[in-house]
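Per the working numbering, the sequence shown starts with residue 39, numbered consecutively.
All residues carry an ideal CB built from backbone N, CA and C; glycine is no exception.
Notes follow the structure.
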Amino acid sequence: MKRSSSRRALTHGRHLLMALVALVLLVAGVWSSWGTAQHVILSKGREHGTITIAGCGEEMCTGPYDPDGTATPRTGMTIEKSVAVEKGKTLSVVVKPGTAEVVRAGTGGLFHAWLPLGGALVLAALVIGGGLGLTRCAWAAAAVGSAVLAGTFFTM
39 MKRSSSRRAL THGRHLLMAL VALVLLVAGV WSSWGTAQHV ILSKGREHGT ITIAGCGEEM
99 CTGPYDPDGT ATPRTGMTIE KSVAVEKGKT LSVVVKPGTA EVVRAGTGGL FHAWLPLGGA
159 LVLAALVIGG GLGLTRCAWA AAAVGSAVLA GTFFTM
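Put into structure tokens, the structure is as follows:
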């Protein structure tokens, strides 16, 4: 039996909608990751040093900052609170230019910065596999997203 044109249009519309949902998930993951990731990836020429965690609030932790090189140490620098941040711990960091905020440097910081993208890849894999029927592409997206999530867990 021949498929009707309305059935084909409905199928194409569904595929287009699912592709759009997957694209929005991935763009949102990159967008939310890039705010932190840019400081870790493009750290050449930025101020590097260490922060010793003195205390933590609801969302941020503070502590004294000891820069590498000749810059002067500062107090009251902040870092985003995460499971790996605890009082008394010393972390290698990069200063966000023009702020009193620092982000974690190194491999742990890189994985932590891309954590939202990892979650978005896992979610998009469900849409890609279930909504679009692209099983291999879905498994690849899920594998990459899971690798980022696991990398964050093991490097923090």
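Following the continuous beta strand (DSSP E) through residue i, name the residue where it begins and the one where it ends.
{"i": "S70", "result": "From DSSP, S70 is part of no beta strand (DSSP E) but of the alpha helix (DSSP H) over S43 to I79."}
What does residue i pair with, by DSSP beta-bridge criteria?
{"i": "E139", "result": "T116"}
{"i": "I89", "result": "Y103 and L129"}
Ignore the nearest five residues each way along the sequence and tell me which others in residue i's own chain have a CB closer than 6 Å to its CB.
{"i": "G183", "result": "G156, L159 and V160"}
{"i": "D104", "result": "G87, T88 and P111"}
{"i": "V140", "result": "I89, M115, I117, V131 and V133"}
My output table needs one value for residue i: the three-state DSSP class, helix, strand or coil.
{"i": "P111", "result": "coil"}
Since residue i is in the alpha helix (DSSP H), which residue starts that stretch and which ends it?
{"i": "R174", "result": "T173 to T193"}
{"i": "A158", "result": "L153 to L164"}
In chain order, what residues of the same chain lie with their CB nearer than 7 Å to the CB of residue i, ignoring the 5 residues before and after it?
{"i": "G146", "result": "T193 and M194"}
{"i": "T173", "result": "G167"}
{"i": "A66", "result": "A158"}
Near residue i, which residues of its chain fall below 8 Å by C-beta distance, leaving aside the five closest residues on each side in sequence?
{"i": "L13", "result": "Nothing can be reported for residue 13: it is not among the residues displayed for the chain, which extend from 39 to 194."}
Tell me, please, whether the CB atom of residue i is closer than 9 Å to any CB atom in chain B?
{"i": "T88", "result": "The structure shown contains no chain B; it is built from a single protein chain."}
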